[in-house]
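Residue 777 in the working numbering sits at position 42 of the sequence shown, and the numbers go up by one each step. So the structure is just underneath, and the comments pick up after that.
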Amino acid sequence: MTIEMGTPEAGRLGDVTRVLAQWQHDDVPVQVHPGDIGWFWRFGAERTARATRTWSRGAELLAVGLLDGPDLLRLAFAPGTLREEELARRVAADASAPGSGVLPAGKVYVEAPAGALVRDLLAEDGWRSGEAWTLLRLDLGAPVPDPGVLVEEIGPERAHEWAAVVRASFDGSTFDGERWHAMAAGAPYADARCLLARDRQGRAAAAVAVWSAGPGRIGLIEPLGVHRDHRGHGHGRAITHAAARALRELGSSSVAVYTPSGNTGGVATYLSAGMERVSERLDLYRDTP
736 MTIEMGTPEA
746 GRLGDVTRVL
756 AQWQHDDVPV
766 QVHPGDIGWF
776 WRFGAERTAR
786 ATRTWSRGAE
796 LLAVGLLDGP
806 DLLRLAFAPG
816 TLREEELARR
826 VAADASAPGS
836 GVLPAGKVYV
846 EAPAGALVRD
856 LLAEDGWRSG
866 EAWTLLRLDL
876 GAPVPDPGVL
886 VEEIGPERAH
896 EWAAVVRASF
906 DGSTFDGERW
916 HAMAAGAPYA
926 DARCLLARDR
936 QGRAAAAVAV
946 WSAGPGRIGL
956 IEPLGVHRDH
966 RGHGHGRAIT
976 HAAARALREL
986 GSSSVAVYTP
996 SGNTGGVATY
1006 LSAGMERVSE
1016 RLDLYRDTP
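Now the structure itself:
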């Protein structure tokens, strides 16, 4: 039976993320997480479905891709399939062909797990190493330090305040309360929490969303931001501790985050919170007319 690529209907996207959650284990390379799709869901279910690609053999889901922007494909593979040749060749061919409905012509990027055969095949086809990303992880088997600041779990009535901190944390962000509600309506948010840290004067200083993949599996931080007016006071470390504690309560085995290696401040914040630098991974890119 041949491997087929598809785009799920919005109503079936929850089924895809539930299978994807089952792939998140500490003994496999960190890859696209249900939380990545959950964060993308801020743009609505229909747009999220259009940005999702699946590769299946019959009814068996083998790989999931998220078009995290029109020029970036992020990939995840079912356990045991990282080096499966037929699957890798099909994914590589679809990623490389501008007419396949995956990536357009021009400069495009693929992010694939460490050790995946698709990385080797793309490199053989002329794809080059691109931006470096640092993976950090914290084992949640032991208790996590108290954040030391007031941390609140945010619900619909405070979505605007959480959104304002996110906007003030990332240059160019347009995140608002409406997008929070869209994100919270997505299937992955059933296993997610949004947290807000305040300074001693009660001002909102830092925000984070954490995504569980279920008990005994890797949890994800996406996003984490400190308001530009509150940096340099330990709020990043505090909200990281709060995120880890929340995922531990949800039963996650560990917490992971990927951040650009050039984001030295972000990397330093995660390290100061006790996370360990696990590895550095390069994405791949090609540039065609």
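A virtual CB, placed ideally from N, CA and C, is assigned to each residue, including glycine.
Reference residue i; option with closest CA among the options
{"i": "leucine 797", "options": "Arg777, Arg824 and Asp806", "result": "Arg824"}
{"i": "arginine 938", "options": "His965, Tyr924, His916 and Gly954", "result": "His965"}
{"i": "alanine 948", "options": "Glu984, Arg893 and Ala867", "result": "Glu984"}
{"i": "alanine 920", "options": "Glu887, Glu781 and Gln757", "result": "Glu781"}
{"i": "serine 904", "options": "Ala940, Glu892 and Gln936", "result": "Ala940"}
{"i": "alanine 942", "options": "Arg893, Leu856 and Ser989", "result": "Arg893"}
{"i": "valine 900", "options": "Ala811, His970, Asp881 and Ala828", "result": "His970"}
{"i": "arginine 963", "options": "Val837, Leu955 and Asp906", "result": "Asp906"}
{"i": "glycine 954", "options": "Ser988, Ala1003, Trp868 and Leu930", "result": "Ser988"}
{"i": "arginine 1016", "options": "Met736, Val765 and Asp750", "result": "Val765"}
{"i": "proline 1024", "options": "Gly841, Gly770, Ala756 and Pro814", "result": "Gly841"}
Residue i (DSSP reduced to helix, strand or coil)
{"i": "alanine 756", "result": "helix"}
{"i": "glycine 865", "result": "strand"}
{"i": "serine 835", "result": "helix"}
{"i": "proline 995", "result": "strand"}
{"i": "leucine 748", "result": "helix"}
{"i": "proline 1024", "result": "coil"}
{"i": "aspartate 874", "result": "strand"}
{"i": "glycine 850", "result": "coil"}
Beta-carbon proximity check, residue i vs residue j, cutoff 9 Å
{"i": "aspartate 803", "j": "arginine 1021", "result": "no"}
{"i": "methionine 1010", "j": "tryptophan 774", "result": "no"}
{"i": "arginine 933", "j": "alanine 981", "result": "no"}
{"i": "alanine 794", "j": "leucine 817", "result": "no"}
{"i": "valine 837", "j": "arginine 788", "result": "yes"}
{"i": "valine 767", "j": "leucine 755", "result": "yes"}
Straight-line Cα distance separating residue j from residue i
{"i": "leucine 808", "j": "glycine 800", "result": "6 Å"}
{"i": "alanine 922", "j": "glycine 883", "result": "32 Å"}
{"i": "methionine 879", "j": "arginine 972", "result": "A small fix is needed here, since residue 879 is valine in this sequence, not methionine. Looking at the two C-alpha atoms, the distance is approximately 12 Å."}
{"i": "tryptophan 897", "j": "tyrosine 924", "result": "15 Å"}
{"i": "methionine 740", "j": "glutamate 866", "result": "27 Å"}
{"i": "arginine 785", "j": "glutamine 936", "result": "43 Å"}
{"i": "serine 996", "j": "leucine 871", "result": "11 Å"}
{"i": "alanine 1003", "j": "valine 992", "result": "13 Å"}
{"i": "serine 1007", "j": "glycine 1000", "result": "10 Å"}
{"i": "valine 990", "j": "valine 826", "result": "28 Å"}
{"i": "phenylalanine 910", "j": "methionine 736", "result": "43 Å"}
{"i": "arginine 914", "j": "phenylalanine 778", "result": "6 Å"}
For the segment 763 to 827, list the alpha helix (DSSP H) runs that are entirely contained and at least 4 residues long, ordered along the chain.
-> Residue ranges of uninterrupted alpha helix (DSSP H) with 4 or more members, entirely inside the segment 763 to 827 and ordered along the chain, are 769 to 775 and 780 to 785.
Entirely within the segment 910 to 994 and at least 3 residues each: give me those beta strand (DSSP E) ranges in chain order.
-> Listed in chain order, they are 927 to 933, 939 to 946 and 953 to 961.
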